[in-house]
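Colleague: One structure is given below, represented as structure tokens, and several questions about it will come after.
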Amino acid sequence: MSGAKYAYLVVFFALLAGLFHPVITGGSFDSVVSGILVLFLGLAGGALLYKSTNTAGGRTIYLGMGLGLIALSLYLVLTISGRV
14 MSGAKYAYLV VFFALLAGLF HPVITGGSFD SVVSGILVLF LGLAGGALLY
64 KSTNTAGGRT IYLGMGLGLI ALSLYLVLTI SGRV
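Mind the numbering: the sequence shown is residues 14 to 97 in our numbering, read in order.
Okay, structure coming up:
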């Protein structure tokens, strides 16, 4: 049941990633799935950044990992959009 309470994130990210565009145009859902995964990667980076501000030990590790995941998410967004 604990995973069900985060189902709203999956729905929100699916809508944010453009779920309706392939439905309307009859295109592929591959870009929607990759968009959802990229958004979850950025969310994980943000969670690690938040954890780095609230923990005493391992602060630099959480900070580095969080910034790395956010940077990777940004790179993937730019790659998917064709700007890199």
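For glycine and all other residues, C-beta sits at the position ideal for the given N, C-alpha and C. For clarity, every value in this text was computed on a predicted model and none was experimentally measured.
For residue 61, I'd like the list of residues in its chain whose CB is within less than 6 angstroms of its CB, leaving aside the five on either flank, ordered along the chain.
Modeller: Around residue 61: 75, 78, 79.
Colleague: Quick one, which of 36, 81, 65, 49 has its alpha-carbon nearest residue 20's?
Modeller: Residue nearest to residue 20 within the set 36, 81, 65, 49 is 49 (criterion: CA-CA distance).
Colleague: Grab the span of the alpha helix (DSSP H) containing residue 9 for me, first residue to last.
Modeller: Residue 9 is absent from the structure shown; the chain starts at 14 and stops at 97.
Colleague: Taking only three categories from DSSP, how would you classify residue 31?
Modeller: coil
Colleague: Would you mind reading off the limits of the alpha helix (DSSP H) that contains residue 59?
Modeller: 43–67
Colleague: Between the alpha carbons of residue 91 and residue 70, how many angstroms are there, rounded?
Modeller: 34 angstroms
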